Amino acid sequence: MQVSQEASGQFRRRRLVIAAVVAALVLILTLAFRFVEAKNHIALQSRTFASEAIQRFDRLFSPLDVAANNTMGLVGLPCDQVRFPLVEKLASLQTVRAIVLVQDDVMYCSSIFGSSNINFSTAYPELAVNNERMMLSTDDHLLKGSPVLLLWTAHDTDNRAGILQIINIEMMSNYLLEPTLPWVERAVFNVGEQSLEYGNPMIEKARPSEDEVSYQDASLRYPFTITLFGPAPAQLALMTLPSQLPLALLLSLLTGYIVWLATANRMSLSWQIIYAINAREFRVYCQPLINARTGGCDGIELLLRWHNARQGWVSPDLFIPLAERHNLIAPLTRFVLSEVVRHLPLLPACSTFHIAINVASSHFHHREIINDLQQLWWPAEPKPQLIVELTERDALPEMDQRVVTQLHDIGVKLAIDDFGTGHSSLSYLKTLSPDVLKIDKVFTAAIGTDAINATVTDMVISLAQRLNISLVAEGVETAEQADYLREKGVDVLQGYFFARPMPLEDFPHWLEERQNASRETPAENG
Ligand code: C2E
Ligand code: CA
Ligand code: CA
């Protein structure tokens with residue numbers, strides 16, 4: 000529509016900003032959502048990796064416990080007697096490199112080397128003295144320097160006899176701790192202070208790594224833990240974001256476009272009008288109402304003007320119907336009311352002076368106009384007579400017609416505007432009993448030019464006179480029209496012939512000049 004065009008790049012920019020903000024929000028939210036999702040997924044991967052590794056280690060260790068208990072009966076027997084059963088047992092346990100029997104704190108028999116005489120407490124104080132069940136160590140005998148895990152099963156509580164299994168932990172860890180990139184870069188098996196890392200055949204003291212520890216978990220059955228190193232889940236998740244970007248962008252553009260479309264109609268106009276009220280782009284003009292008999296000014300009609308900063312003047316014939324359609328007419332009428340109240344001191348303070356305001360039919364719903372008058376008009380204790388001009392653009396529901404009557408009852412005069420152009424003029428005459436009929440300017444323009452419309456003009460005039468309703472003729476542009484209407488007995492004349500609409504604050508000056516002129520040449524105006 001034309002208003003939309005006139006309405007401003009400013010508004011379009013505003014819509015664009017709203018659409019862009021929504022699009023940006025959708026983009027950010029989508030990426031944030033994907034980020035959190037990826038982060039949780041990565042964290043879950045690490046947790047799963049660790050718990051699966053722990054379960055597998057546990058499953059590998061538990062048959063060794065069974066084997067140790069089954070072999071416990073051999074402890075104390077002479078080494079040459081037990082050597083063969085030990086080797087046999089060993090053959091069934093793939094992960095065990097050697098089994099050593101300990102009696103009276105002495106490692107006296109090994110499945111590999113046979114008899115020996117090594118002090119258990121001295122060799123492995125962690126197990127013998129500290130009562131640990133497991134320790135990581137380095138093989139000093141068979142495969143020198145290779146990492147082994149010692150699993151100690153004590154015969155009884157004094158911890159001086161039992162079975163020591165030397166486990167080939169490197170083989171196990173090579174198969175159970177293989178990192179899964181990108182979330183697990185390094186996986187470490189820890190027992191006490193010692194640790195064994197995948198791919199590193201050395202037992203090292205567990206030391207804090209420069210890398211971030213991404214996860215750590217402990218076995219519930221054996222004294223070992225698994226530590227995982229890798230980029231922080233958040234960091235990894237961040238790296239996945241570029242691949243999410245196209246979809247997120249598509250979604251955000253789509254939403255932005257929908258918002259752009261959705262704000263096009265309703266919001267556009269409401270925003271423009273609200274903005275224009277706040278930016279004081281509206282001004283209240285007035286057009287004098289001339290007494291046809293005396294030529295004096297009987298009052299004014301208030302007319303809104305919109306001066307858009309960029310588009311210039313916007314015609315009320317454009318913005319008023321749109322404002323009505325979008326329920327924005329009431330704020331405009333309130334603006335007119337507050338402006339005229341502000342200018343009351345400049346206007347004649349007598350009840351014979353009329354102030355006419357245009358009120359849209361929707362403003363009568365729920366007595367809104369009465370409430371507005373109670374708040375804005377009556378508190379100012381105005382002396383002039385208020386006239387409410389009601390157009391017939393929209394039909395007035397019966398309930399709202401009652402509000403008009405109430406208004407009437409409390410002393411506000413009622414005028415039917417544009418009389419003869421709407422649909423329900425005649426029925427309004429009966430139901431609303433108006434005080435004034437305003438003959439629309441098309442009928443005034445018809446005088447002397449258009450026989451049919453001129454006939455309608457005559458009929459309206461005689462109808463009003465018969466019903467004793469005052470008549471105002473709008474759009475009087477020529478002396479001929481004025482003379483004709485005056486002759487016909489029309490009470491009030493309004494039109495460019497007398498005065499064009501002017502800013503409210505210019506009216507006192509106009510009135511003074513007119514009164515001076517009429518004093519000098521009374522015949523011209525009378
Ligand atoms: P309207 O109530 O019939 O107002 C009279 C219109 O005729 C005004 O147009 C006025 O400027 C114009 N006019 C006055 N004398 C002459 C003349 O000699 N020749 C011609 N050709 N035109 C003349 P305007 O101000 O453009 O307003 C147009 C319509 O917009 C008004 O028609 C009224 O229906 C509506 N309007 C204006 N202000 C308001 C308002 O504050 N509230 C509401 N609800 N409607 C308004
Ligand atoms: Ca009017
Ligand atoms: Ca009119």
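With numbering that gives the first Met the number 0 applied, the sequence shown has no gaps in its numbers, which climb one by one up to 525 at the end. The C-beta atom is built at its ideal place from N, Cα and C for all residues, glycine as well. The structure displayed is predicted, hence computed values, not measured ones.
Relative to the non-hydrogen atoms of ligand 3, the Cβ of GLU473 comes within a distance shorter than 7 Å of at least one. Counting C-beta atoms within 10 angstroms of its own C-beta, CYS349 has fewer than 16 neighbours from the protein chains shown and is therefore classed as exposed. Between ALA217 and THR224, the beta carbon gap of about 4 Å places them in contact (Cβ cut-off 8 Å). Shown here, LEU346 sits in coil according to DSSP, grouped into three states, outside any helix or strand.
For GLY255, the enclosing alpha helix (DSSP H) stretches over residues 232-261.
Around the beta carbon of TYR427, 16 or more other beta carbons sit within 10 angstroms, so the residue counts as buried. Per DSSP, the continuous alpha helix (DSSP H) segment holding ASN515 begins and ends at 506-519. Of the candidates PHE228, LEU85 and VAL95, LEU85 places its Cα closest to the Cα of SER114. Contact check between the region 33-52 and the region 164-180: three or more CB pairs, one atom from each, fall below 8 Å, which counts as touching. Distance from the CA of GLN464 to the CA of LYS412, rounded to the nearest whole angstrom, comes to 17 Å.
Ligand 2 approaches LYS437 closely enough that one of its heavy atoms is under 7 Å from the residue's Cβ. The beta carbon of THR390 is closer than 6 Å to those of ASP416 and ASP417 in its chain, skipping five residues each way along the sequence.
In this structure, ASP416 has its beta carbon less than 7 Å from a heavy atom of ligand 2.
In this structure, DSSP gives GLY113 an extended state, which the three-state scheme calls strand.
Closest in alpha carbon position to ILE289, among VAL21, SER50 and PHE497, is PHE497. Counting only the Cα atoms, GLU196 lies some 21 Å from LEU219. In the three-state reduction of the DSSP assignment, SER361 falls in the helix class.
Per DSSP, the continuous beta strand (DSSP E) segment holding ILE165 begins and ends at 161-166. Taking PRO507 as the centre and dropping the five residues before and after it, the same chain places the C-beta of LEU345 and LEU346 closer than 8 Å to its C-beta, in chain order.
Here SER136 is not near VAL128, since their CB atoms are 8 Å or more apart. For TYR214, the pairing in a beta bridge is given by DSSP as LEU227.
Following the DSSP letters along the chain, one finds VAL183 in no beta strand (DSSP E), marked with neither H nor E. Annotation for ASP103: ARG159 and ALA160 place their beta carbon closer than 8 Å to its own, counting only its chain and skipping 5 residues before and after. The residue from GLN374, GLN384, ARG366 and ALA322 with its alpha-carbon nearest to that of THR351 is GLN384.
In the structure shown, the three-state DSSP call for VAL25 is helix.
Shortest gap from the CB of GLU486 to any heavy atom of ligand 2: 7 Å or more.
Annotated as proximal: VAL105 and ASN116, with beta-carbon spacing under 8 Å. Taken in chain order, the complete alpha helix (DSSP H) segments of 4 or more residues contained in the region 412-500 are 424-431, 440-445, 450-465 and 478-487. Annotated as proximal: VAL99 and LEU163, with beta-carbon spacing under 8 Å. Check the Cα spacing between ALA444 and each of TYR483, VAL16, SER432 and HIS364: the tightest is with TYR483. The beta-carbon separation of LEU301 and ILE369, rounded to 18 Å, does not stay under the 8 Å limit for a contact. Residue pairing by DSSP puts ASN307 in a beta bridge opposite GLY311. Closest in C-alpha terms to ASP457, from the list PRO62, ARG485 and VAL340, comes ARG485. For MET133, no alpha helix (DSSP H) run applies; the uninterrupted beta strand (DSSP E) run containing it begins and ends at 133-137, by DSSP. Annotation: the continuous beta strand (DSSP E) that includes PRO287 extends over 281-290. Taking the Cβ of LYS440 as the reference point, at least one heavy atom of ligand 3 falls within a distance shorter than 7 Å.
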